[in-house]
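Data first, discussion second: the structure below is written as structure tokens.
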Amino acid sequence: MDTADGELREFMASVLEVCVCTVEDVPSGEGIRVDLADLPEPVAVFNDAGRFYALSDMCSHAEASLADGWIEDCQVECPLHSARFDLLTGKACSLPAILPVRAYPVTMTDGKVYVSVPTVGGT
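Residues 1002 to 1124 (this note's numbering) make up the sequence shown, in order.
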């Protein structure tokens, strides 16, 4: 995904907003995987009826991309073993997953989707 590669906005001393995609890149009810150098890990960006969320892309139970999962009731279901995760918090909502995945704050400006990530040591 090269749409917004490198476009960054800094705020506060320890958080960086990374432009990960445009609103049009993620159809309603779907997710995409974004892997940019400015992100600490690959991130799954989801569009749940016009509300955008970002989670660590890797399921905490097994090596599966959550971006390939199914969205329902503000949760994503892992495509491998059907573990469910809350899109807002990353909390594991069903077995076989028991550990959460990282949730990232999301903002949208001018049709672009930004994920807030911690910076190491601030700037």
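Yeah, the Cβ is synthetic: ideal placement off N, Cα and C, and Gly gets one too.
These numbers come from a predicted model, not from an experiment.
In the structure shown, E1064 falls within a coil segment according to DSSP collapsed to helix, strand and coil. In chain order, V1024, V1027, V1046, F1047, V1107, M1109, V1114 place their CB closer than 8 Å to the CB of F1053, counting only its own chain and leaving out the 5 sequence neighbours on each side. Around the beta carbon of A1038, fewer than 16 other beta carbons sit within 10 angstroms, so the residue counts as exposed. Going by beta carbons, V1016 and V1116 fall outside the 7 Å limit.
Around the beta carbon of I1099, a 10 Å sphere encloses fewer than 16 other beta carbons of the protein chains shown; the residue is thus reported as exposed. Counting along the chain, G1112 sits inside no beta strand (DSSP E), nor does DSSP assign it H or E at all.
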